[in-house]
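These notes are about the structure you will find just below.
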Amino acid sequence: MAYRPKFSDKQKEKVYLYFNGKCSDCGKVGTGGWWERENIDGFEKHFYLGNLEIHHLIPLHVGGKHIFDNWILFCPKCHDKRHKHLYIKLSIGSK
68 MAYRPKFSDK QKEKVYLYFN GKCSDCGKVG TGGWWERENI DGFEKHFYLG NLEIHHLIPL
128 HVGGKHIFDN WILFCPKCHD KRHKHLYIKL SIGSK
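Last residue of the sequence shown: number 162 in this note's numbering, and the count goes up by one each step with no gaps.
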């Protein structure tokens, strides 16, 4: 399985705020925000993207970087469409 870098809470928040908490394709408003969870040491804070997902514009497996300029925010439906489009494009391009 391919390595998938994790997004830190600060990275999630930065992308969420940059795109105004909305899907970049359809404009669906997200439900993200900070939340706290109690653990043995007290409370820990995490940023929750809600119903939105971060997508790499240039996929990592073709040389894209895990950096802010390569991220975009989508709802799951638009994210899925983007991946299907990319799969078709890469499949046609490889023939």
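Every residue gets a Cβ at the ideal spot worked out from N, C-alpha and C, and that includes glycine.
Annotated as proximal: K79 and F114, with beta-carbon spacing under 9 Å. In this chain, K132 is not harboured by any beta strand (DSSP E), its DSSP state being neither H nor E. Contact annotation: W101 and D76 have beta-carbon atoms nearer than 9 Å. Assigned with DSSP and collapsed to three states, K89 falls in strand.
Counting along the chain, the unbroken beta strand (DSSP E) around N106 starts and ends at 100 to 106. The beta-bridge partner set that DSSP reports for F74 is empty.
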